[in-house]
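In structure tokens, the structure reads:
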């Protein structure tokens, strides 16, 4: 629960203040899942949290945070994730997700390189048994 609090509490305060509206948690309903996603600068992470979870803190990296909940009961789902991040120049990065389980919560974290202000398109395959859904979104990123 420490990671959840450490990652989300500072962001929650920023959202309340309206400082970074583009960082707000976003959600899509895909089949039987609510998929929450957020892309944020890694420089916003506490240094100890980043070190503990082996996350790079750099002005050139964004953190992609994914959580998958069952729509009916909102329980966290264990899934397999794979995907890519592509910029407008067509440069594609394979994403490598790190699962994080804190109590009943489950998150999947991946680093996305972004060296300048740009639009990034994220396309993910989310699989659980025979269930497969695709999440696709585009977001402006602003390296710090």
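In our numbering, the protein residues as written are 1029 to 1172.
Ideal Cβ positions, reconstructed from N, Cα and C, are used throughout, including at glycine.
Just so we're clear, the structure is a prediction, and the values are computed from it rather than from any experiment.
Residues sharing a beta bridge with residue i, DSSP
| i | result |
| --- | --- |
| residue 1108 | 1155 |
| residue 1165 | 1150 |
| residue 1095 | 1064 |
| residue 1145 | Answer is none; residue 1145 lacks a bridge partner. |
| residue 1113 | 1121, 1150 |
| residue 1172 | Looking at the DSSP assignment, residue 1172 forms no beta bridge with any residue, so it has no partner. |
| residue 1090 | 1069, 1140 |
Limits of the beta strand (DSSP E) - the one that residue i falls within
| i | result |
| --- | --- |
| residue 1138 | 1133–1141 |
| residue 1083 | Looking at the DSSP string, residue 1083 is not in any beta strand (DSSP E), and its letter there is neither H nor E. |
| residue 1129 | 1126–1130 |
Close Cβ partners of residue i (< 7 angstroms) along its chain, the five nearest in sequence each way excluded
| i | result |
| --- | --- |
| residue 1033 | Bear in mind that the predicted position of residue 1033 carries a pLDDT of just 49, short of 50, making it too unreliable to give a figure here. |
| residue 1141 | 1088, 1089, 1121 |
| residue 1111 | 1123, 1150, 1151, 1152, 1153 |
CB of residue i within 8 angstroms of CB of residue j, strictly
| i | j | result |
| --- | --- | --- |
| residue 1137 | residue 1126 | yes |
| residue 1116 | residue 1147 | yes |
| residue 1113 | residue 1097 | no |
| residue 1156 | residue 1107 | yes |
| residue 1133 | residue 1104 | yes |
| residue 1073 | residue 1139 | no |
Nonlocal neighbours in the same chain, by C-beta distance under 8 angstroms from residue i, ignoring five residues either side
| i | result |
| --- | --- |
| residue 1058 | 1154, 1161, 1162, 1163 |
| residue 1081 | 1031, 1126, 1128, 1137 |
| residue 1075 | 1085 |
| residue 1145 | 1168, 1169, 1170, 1171 |
Boundaries (first-last residue) of the alpha helix (DSSP H) holding residue i
| i | result |
| --- | --- |
| residue 1079 | 1075–1080 |
Contacts around residue i, its chain only, beta-carbon distance under 6 angstroms, and the 5 residues preceding and following it disregarded
| i | result |
| --- | --- |
| residue 1172 | 1069, 1071, 1087 |
| residue 1149 | 1114, 1166 |
| residue 1060 | 1099 |
| residue 1143 | 1088 |
Between the region 1065–1077 and the region 1093–1110, do at least 3 Cβ pairs fall closer than 8 angstroms? yes
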